[in-house]
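Everything on this sheet refers to the single structure shown next.
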Amino acid sequence: MRSRPVRGRGILSGTGILIILLAGTLAALVFPVWSYADRAGTGVDTLNAESVSTQYGPLSALDRDFITRVRLAGLWELPAGQQAEQKGTTEAVRTAGEHLVQGHTFLDARVRDVAARLGLALPNQPNAQQRQWLDTLDAAQGEEYDRDFANLLRRAHGKVFTVVAQVRATTRNSLVRALADDANATVLDHIKVLEATGYVDFDALAQDAATSSPPPLTHSPAPPGPTEDPGTPVPVTPSPTYTLPPAASSPPP
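Numbering (the working numbering), first residue to last: 994 to 1246.
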């Protein structure tokens, strides 16, 4: 008696092969998603490579850049505020200058304390662009001075405001988080008093924001090491009476 071929086995084998092929295709599609965060060159990989451990939490490259920017802001905006208290031709401009002096005196003390605790060196002079802005203000007189002061400082504060927000939203370091809170409140106050002068050109601000690219990181030193005395700040100022408090010499206990 001749046996009949079992056709069901052939059908089952074909179906099994099809299922295996579909499963393989799905795995190929899903695997890159699962493994992306672990691949070299991704955002997570870069974040981990540029972060260093501290007792206050990881310190990223953006965190270090932010600390440097806060210090640099004080090195030119505090003298600019002192000058506006003297050269401003309206009460609103002089009031804005007063707010800048008070705010950056406070922030400069805060950022020096944070940098000392993290073992980071800080700049002691404004950068080239900031020195150029101070030269512009030094040369201006009357209403031209008021207008230059309001617009230069408002543009600078607007750019740092976005950096503060990004740092506050992403930092894992408790010292940087607290500094960002203080910077956020101070910068917003300065933006408001500068706008209250009536000289801010909002169309120019919008065009500048639309055409400018994000500023590069300033490559602050890392990893943190022994704190060295960064010395006395040497701000470029229109008058020798414009000074800053001395830099911290050692980390507080």
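Positions of the beta carbon are idealized from the N, C-alpha and C atoms, including for glycine.
Closest residue to residue 1178 among 1165, 1099 and 1057 (Cα-Cα distance)
Residue 1178 has its Cα closest to that of 1099, out of 1165, 1099 and 1057.
Under a three-way DSSP split, which group does residue 1115 fall into?
Judged by DSSP in its simplified three-state form, residue 1115 adopts coil rather than helix or strand.
Taking 8 angstroms as the threshold (C-beta atoms), are residue 1064 and residue 1116 in contact?
Going by beta carbons, residue 1116 and residue 1064 fall inside the 8 angstroms limit.
Within a Cβ cutoff of 7 angstroms, which residues of the same chain sit near residue 1103, ignoring the five residues on either side of it in sequence?
If you ignore the 5 residues before and after residue 1103, its C-beta comes within less than 7 angstroms of the C-beta of 1172 and 1175, all in its own chain and listed in chain order.
Can you tell me whether residue 1075 is buried or exposed? The criterion is at least 16 other CB atoms within 10 Å of its CB, across all chains shown.
The residue in question, residue 1075, is buried, as its Cβ has 16 or more Cβ neighbours within 10 Å.
Label residue 1139 either buried or exposed according to how many other C-beta atoms from any shown protein chain fall within 10 Å of its C-beta, with 16 as the threshold for buried.
Looking at its Cβ environment, which holds 16 or more other Cβ atoms inside 10 Å, residue 1139 is buried.
Residue 1030 burial status per 10 Å Cβ neighbour count (16 or more: buried):
Note on residue 1030: pLDDT 41, under 50, position unreliable in the model; the coordinate value appears next. Answer is exposed; the Cβ neighbour count stays below 16.
When the distance is taken between beta carbons, is residue 1146 closer than 8 angstroms to residue 1198?
Going by C-beta atoms, residue 1198 is not nearer than 8 angstroms to residue 1146.
Would residue 1142 and residue 1073 qualify as a contact pair, given that the criterion is a beta-carbon distance under 8 angstroms?
Yes.
Per DSSP, cross-strand counterpart(s) of residue 1168:
The bridge partners DSSP lists for residue 1168 come to none.
Using a 10 Å radius around the Cβ and a threshold of 16 neighbouring Cβ atoms, would you call residue 1162 buried or exposed?
That one is exposed.
Locate the alpha helix (DSSP H) running through residue 1075, then write down its first and last residues.
Its alpha helix (DSSP H) spans residues 1054 to 1080.
Closest residue to residue 1106 among 1051, 1121, 1169 and 1203 (Cα-Cα distance):
With distances taken between Cα atoms, residue 1106 lies closest to 1169.
Contacting residues, own chain, Cβ-Cβ under 8 angstroms from residue 1089 (five flanking each side not counted)
Here the set comprises 1074, 1077, 1081, 1142, 1143, 1146, 1183, 1186, 1187, 1189 and 1190.
CB of residue 1054 within 8 angstroms of CB of residue 1153, strictly:
Between residue 1054 and residue 1153, the gap from beta carbon to beta carbon reaches 8 angstroms or more.
Which residue from 1071, 1166, 1129 and 1130 puts its Cα closest to that of residue 1045?
The candidate whose alpha carbon is nearest that of residue 1045 is 1166.
Which one or two residues does DSSP pair with residue 1186 in a beta bridge?
BP columns for residue 1186 are empty, so no partner.
Burial state of residue 1059 (16 or more Cβ within 10 Å):
Classification for residue 1059: buried.
Rounded to the nearest angstrom, what separates residue 1118 and residue 1126 at their Cα positions?
Distance between the alpha carbons of residue 1118 and residue 1126: 13 angstroms.
Since residue 1101 contacts residue 1071 with CB under 8 angstroms, what's their CB separation in whole angstroms?
The pair is a contact, with the Cβ atoms about 7 angstroms apart (cut-off 8 angstroms).
So what does residue 1045 bridge to, in DSSP terms?
For residue 1045, which the question treats as bridged, DSSP gives the partners 1052.
State buried or exposed for residue 1096, treating a residue as buried only when at least 16 other CB atoms are found within 10 Å of its CB.
Its Cβ being crowded by 16 or more others within 10 Å, residue 1096 is buried.
My output table needs one value for residue 1133: the three-state DSSP class, helix, strand or coil.
Of the three classes helix, strand and coil, the one that applies to residue 1133 here is coil, per DSSP.
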